[in-house]
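Residue numbers (full-length UniProt numbering): 1 to 343.
The beta carbon of each residue, even a glycine, is placed where N, CA and C say it ideally should be.
Below is one structure, written out as structure tokens; the observations come after it.
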């Protein structure tokens with residue numbers, strides 16, 4: 001709740017006239033308790049989760065000729081009933097989240113998140129800087145939690161629910177065991193906890209992360225998507241391979257960017273443009289972050305070497321499989337089916 005009775009008092013406290021955005025925020029939130037503003041988060045995410053995947057789901061069912069050319073696994077078409085079941089089971093998590101927020105607000109939010117809800121509103125530069133920090137932190141933490149979920153115990157007890165969809169749909173983004181939803185919410189909250197922000201920035205961050213997660217699980221890769229302009233962005237093409245490989249997958253763990261997979265040698269199905277993106281990253285570090293030329297060169301060589309070794313390993317594995325197939329043909333006669341090994 002904003003502690004000013006009138007706009008004149010608010011402007012006097014700010015020492016300047018309010019912007020149009022601040023005036024709109026004052027009119028909306030002046031008499032609203034902070035706890036209700038905080039609970040807006042879950043309502044906004046519920047609406048986005050319901051609406052965002054719908055266009056592709058509807059087009060795939062009723063106008064497949066429009067979208068199937070861009071589907072990553074075109075031979076797999078999820079029935080409408082399966083999509084609805086996925087949505088209904090995942091949507092049950094949102095009312096529980098609202099109840100938890102209402103109960104935990106006074107202690108958890110004010111003391112841990114330290115979210116600002118009054119005036120002034122953050123500047124555009126501050127908002128962008130915070131979103132970049134949140135993205136990098138969330139990506140790094142989610143990578144390691146995801147790897148832990150792919151251990152034998154983590155997968156069998158928790159993560160296998162999410163991998164029921166080997167050809168994912170947008171609704172599958174939140175289709176998980178309740179414990180997984182809880183664990184993977186920690187990286188998204190880590191940024192706002194360490195770098196406190198305004199509630200509007202928090203809403204924007206959660207919305208961007210949810211939309212990106214839905215896009216990653218959409219099962220479609222559009223060549224005209226603006227996300228292709230983001231260096232080291234994984235996207236649907238990258239994560240779809242992770243689901244396609246199934247429970248034994250030990251690659252492509254990164255939820256947003258792919259630098260962790262590159263560094264820790266868990267990247268597969270890399271795109272040819274990745275080397276160009278690596279060059280652009282080194283140029284950025286050199287020009288704007290004041291990295292030395294030697295540091296950038298070292299980063300480039302390290303990542304490029306990891307990718308080259310991964311490529312050589314893939315080629316050697318294929319050659320070994322081909323040799324085994326030829327030996328089977330010689331021993332048994334006739335022909336044998338080529339058994340592909342999933343990563």
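Exercise. Under a Cβ-count criterion, where at least 16 other Cβ atoms within 10 Å of its own Cβ denotes burial, should residue 197 be classed as buried or exposed?
Worked result: Here residue 197 corresponds to residue number 197 of the chain shown, with the count starting at 1. Of the other Cβ atoms in all chains shown, 16 or more fall within 10 Å of the Cβ of residue 197; this residue is therefore buried.
Exercise. Is residue 220 helix, strand or coil when you go by DSSP?
Worked result: For the purposes of this step, residue 220 is taken as residue 220 along the chain shown, with counting starting at 1. Three-state result, residue 220: strand.
For this session: Look at the alpha carbon of residue 190 and the alpha carbon of residue 65, and state the distance between them as a whole number of angstroms.
Result: Here residue 190 refers to the residue found at position 190 when the chain shown is read from its first residue. Here residue 65 refers to the residue found at position 65 when the chain shown is read from its first residue. Those two C-alpha atoms are separated by around 42 Å.
Exercise. How about residue 26 and residue 32: are their beta carbons less than 8 Å apart?
Worked result: For the purposes of this step, residue 26 is taken as residue 26 along the chain shown, with counting starting at 1. For the purposes of this step, residue 32 is taken as residue 32 along the chain shown, with counting starting at 1. Contact: no.
For this session: May I ask you to verify whether the stretch 242-256 touches the stretch 144-160, counting CB pairs closer than 8 Å and requiring at least 3?
Result: yes
For this session: Could you tell me if residue 309 is buried or exposed, where buried requires 16 or more neighbouring beta carbons within 10 angstroms of its beta carbon?
Result: Looking up residue 309 in the chain shown gives position 309. In this prediction, residue 309 has a pLDDT of 42, which is less than 50 and means its spatial position is unreliable; what the coordinates show is noted afterwards. Classification for residue 309: exposed.
Exercise. Rounded to whole angstroms, how far is the Cβ of residue 163 from the Cβ of residue 246, which I believe are closer than 8 Å?
Worked result: Numbered from its first residue, the chain shown carries residue 163 at position 163. Numbered from its first residue, the chain shown carries residue 246 at position 246. Separation of the CB atoms of residue 163 and residue 246 is rounded to 6 Å, and the pair is thereby assigned contact status at 8 Å.
Exercise. Which runs of the alpha helix (DSSP H) fall wholly inside the stretch 148-173 and span at least 4 residues, in chain order?
Worked result: 152-157
Exercise. In chain order, what residues of the same chain have a beta carbon less than 6 Å from the beta carbon of residue 239, not counting five sequence neighbours either side?
Worked result: Numbered from 1 along the chain shown, position 239 holds the residue referred to as residue 239. Here the set comprises 216.
Problem set entry | Alpha-carbon spacing of residue 54 relative to residue 211, whole angstroms | Taking the first residue of the chain shown as 1, we reach residue 54 at position 54. Taking the first residue of the chain shown as 1, we reach residue 211 at position 211. The straight-line gap from Cα to Cα measures roughly 12 Å.
For this session: Tell me whether residue 223 is buried or exposed, calling it buried when 16 or more other Cβ atoms sit within 10 Å of its Cβ.
Result: The residue labelled residue 223 in the question sits at position 223 within the chain shown. Here residue 223 is exposed. Its C-beta has fewer than 16 other C-beta atoms within 10 Å.
Exercise. Is it a yes or a no for the stretch 117-137 touching the stretch 73-83, going by three-plus beta-carbon pairs under 8 Å?
Worked result: no
Exercise. Which value, in whole angstroms, describes the spacing of the CA atoms of residue 171 and residue 39?
Worked result: Translated into the one-based positions of the chain shown, residue 171 becomes position 171. Translated into the one-based positions of the chain shown, residue 39 becomes position 39. Their backbone Cα atoms lie some 22 Å apart in a straight line.
Problem set entry | Euclidean distance between Cα positions of residue 209 and residue 265 | Residue mapping note: residue 209 aligns to position 209 of the chain shown, counting from 1. Residue mapping note: residue 265 aligns to position 265 of the chain shown, counting from 1. Taking the straight line from one Cα to the other gives about 25 Å.
Problem set entry | Own chain, CB closer than 7 Å to residue 201, minus 5 neighbours either side, in chain order | Within the chain shown, residue 201 is the residue found at index 201, counting from 1. Counting only Cβ-Cβ distances below 7 Å, and skipping sequence neighbours, we find 122, 127, 130.
For this session: Please name the residue or residues paired with residue 347 in a DSSP beta bridge.
Result: This structure gives no information on residue 347, because the portion of the chain shown stretches from 1 to 343.
Exercise. In whole angstroms, what separates the C-alpha of residue 260 from that of residue 44?
Worked result: Looking up residue 260 in the chain shown gives position 260. Looking up residue 44 in the chain shown gives position 44. Computed Cα separation, rounded: 30 Å.
Exercise. When the Cα atoms are used, what is the spatial distance from residue 13 to residue 6?
Worked result: Taking the first residue of the chain shown as 1, we reach residue 13 at position 13. Taking the first residue of the chain shown as 1, we reach residue 6 at position 6. If I take the Cα positions, the gap works out to 11 Å.
Exercise. For residue 70, which option in 4, 160, 237 has the closest C-alpha, if you only look at C-alpha atoms?
Worked result: Taking the chain shown and counting its residues from 1, one reaches residue 70 at position 70. That would be 237, whose Cα lies nearest to the Cα of residue 70.
Exercise. Just checking my contact of residue 187 with residue 138 at CB under 8 Å: how many whole Å lie between their CB atoms?
Worked result: Residue 187 sits at position 187 when you count from the first residue of the chain shown. Residue 138 sits at position 138 when you count from the first residue of the chain shown. That belief holds up - the Cβ atoms of residue 187 and residue 138 are roughly 4 Å apart, short of 8 Å.
For this session: Could you work out which residue in 48, 46, 77 is closest to residue 59 when comparing CA atoms only?
Result: Translated into positions along the chain shown, residue 59 becomes position 59. Residue 77 is the option with its Cα nearest to residue 59.
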